[in-house]
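Working notes, structure below.
Residue numbers (the working numbering), protein chains in the order written: chain A, 1 to 207; chain B, 1 to 207.
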């Protein structure tokens, strides 16, 4: 691309560094900003810079937070004996949106994946074990992606918790609501048969 | 979406204002920025704000520019008797990338489109007519989108130039290189037959 302005070129290059944004999309975004009021663009820019400077990670669950403790960890109305273990912050947002879970979270920061060079030490596994030992935690719910990395991580953490009297569960795998049986992959379908549930549970879950 | 941090929420909302960026994509971009160095994010933010403050439009052709006149209008090596009339700045970048045009540009800022409330007065048509009257322009090449709005704009400007001795052309319409004849739409195919060109031109164009 040949640009007629170095300011334009620099801005396009900055946007194109973002994941999933190519040069053409970056140009479209920058040309959109050029059409906006200067004050509005200044506000956009200030908000991003301020976010990066002031954002914190909760010292307990590693969720993104405005304070030392996130609003979930410091809440008095949430059950504090259950921890839902997730890979990243997006998973917290997704589960919170369902309004079905009222316990605490623990953000691992990824899953064990030797091929990507991610071992247990890069994740917040030790702080999780500390929490389970020191807080009155009764149940750990793993809500990790259903793949080898997720399963390896569940296996690794479960072994670390062997000596601790805590119930360990994982979110249910199966055919998604609205999914067509014939299009489900074989592993999911096989697991959904071997992990079948009594119909009274099924009916109450569907309500 | 339920956010655990107001800084995160504000940044996501700012990104989600951009065209084609939904809340989920905005969240992905912001979480990417959180992982970057604070200095890098500050640089991103400063570059955008600076771009918006300092960017200018060329006083002659309305292209984006760092100076009063853009680098094309102020170039001494470009032919200054031909103006290529385009809708927006992206078209200038696209044509410049072909390296096939060595004349000047004129950015209309849109095309006449009464349904969208865009009349001739919202476009830079009067400055274009002034340029053609006052500079030694020999040819105007319209490079507008092949639709009713583009054709209306060509017709409107051509009528304004009726009294001025200037050659008026439009970029060729036809079957795109690499395009399959059978998949071309009827209008394009019909136009490509009625506007057929001698084979010696075709061969030199394909080189």
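From the three backbone atoms N, C-alpha and C, an ideal C-beta is built for every residue, glycine too.
The alpha helix (DSSP H) that contains residue 153/B, what's its start and end? 148 to 160
Between which two residues does the beta strand (DSSP E) containing residue 104/B stretch? 104 to 107 is the extent of the beta strand (DSSP E) around residue 104/B.
Whole-Å CB distance - residue 26/B paired with residue 12/B, under 8 Å assumed: 5 Å
Using 10 angstroms around the beta-carbon of residue 181/B, count the other beta-carbons present and answer buried if the total reaches 16, otherwise exposed. Classification of residue 181/B: exposed, given that the 10 Å Cβ count is below 16.
Take residue 82/B and list the residues in its own chain whose beta-carbon comes closer than 6 Å to its own, dropping the five residues that flank it on each side. 103, 139
Using a Cβ-Cβ cut-off of 7 Å, state whether residue 10/B counts as contacting chain A. yes
Residue 65/A versus residue 72/B: straight-line alpha-carbon distance, rounded: 49 Å
Per the DSSP calculation, residue 56/A is bridged to which residue(s)? As DSSP reads the structure, residue 56/A sits in a beta bridge with 65/A.
From the beta carbon of residue 187/B, is the nearest beta carbon of chain A less than 7 Å away? no
Can you find a CB in chain B that lies within less than 7 Å of the CB of residue 53/A? With 7 Å as the cut-off, residue 53/A counts as an interface residue toward chain B.
Is the separation between the beta-carbon of residue 55/A and that of residue 106/B shorter than 7 Å? Cβ distance not < 7 Å, so residue 55/A and residue 106/B don't count as in contact.
Between the C-alpha atoms of residue 191/B and residue 14/A, what's the straight-line distance to the nearest angstrom? 42 Å
Smallest Cα separation from residue 115/B: which of 95/B, 148/B, 130/B, 154/B? 148/B
Unbroken alpha helix (DSSP H) run spanning residue 35/A, endpoints: 23 to 35
Hey, quick one: how far does the beta strand (DSSP E) through residue 16/B stretch, first residue to last? From DSSP, residue 16/B is part of no beta strand (DSSP E) but of the alpha helix (DSSP H) over 6 to 16.
For residue 19/A, which of 189/B, 35/B, 135/B has the nearest alpha-carbon? 35/B
Coil, strand or helix - residue 171/A by DSSP: Residue state for residue 171/A is assigned as coil, using DSSP reduced to three classes.
What separation, rounded to the nearest whole angstrom, lies between the Cα atoms of residue 57/B and residue 187/B? 37 Å
Contact test: residue 100/B Cβ vs the ligand SAH heavy atom, cutoff 6 Å: The model depicted lacks the ligand SAH and carries no ligand whatsoever.
Is there at least one Cβ from chain A nearer than 7 Å to residue 49/B's Cβ? yes
State whether the segment 92 to 101 of chain B contacts the segment 41 to 53 of chain B, with contact taken as three or more CB pairs (one from each stretch) at a distance under 8 Å. no
Length-filtered (3 minimum) beta strand (DSSP E) runs lying within the segment 70 to 99 of chain A: Segments of the beta strand (DSSP E) lying fully in the segment 70 to 99 of chain A: 82 to 86.
So is residue 87/A buried or exposed if we call it buried at 16+ other beta carbons inside 10 Å? buried
Contacting positions in the segment 61 to 72 of chain B - beta carbon closer than 8 Å to chain A: 63, 64, 65, 66, 70, 71, 72: these are the residues of the segment 61 to 72 of chain B whose beta carbon lies less than 8 Å from some beta carbon of chain A, given in chain order.
Can you tell me which of the three DSSP states residue 101/B falls into? coil
Between which two residues does the alpha helix (DSSP H) containing residue 187/B stretch? 186 to 194
If you reduce the DSSP assignment to three classes, tell me which class residue 242/A lands in. Nothing can be reported for residue 242/A: it is not among the residues displayed for chain A, which extend from 1 to 207.
Where residue 3/A sits in the DSSP three-state scheme: coil
Is the Cβ of residue 139/B closer than 7 Å to any Cβ of chain A? no
So, residue 141/B versus residue 84/B, is the Cβ gap smaller than 7 Å? Closer than 7 Å, so yes.
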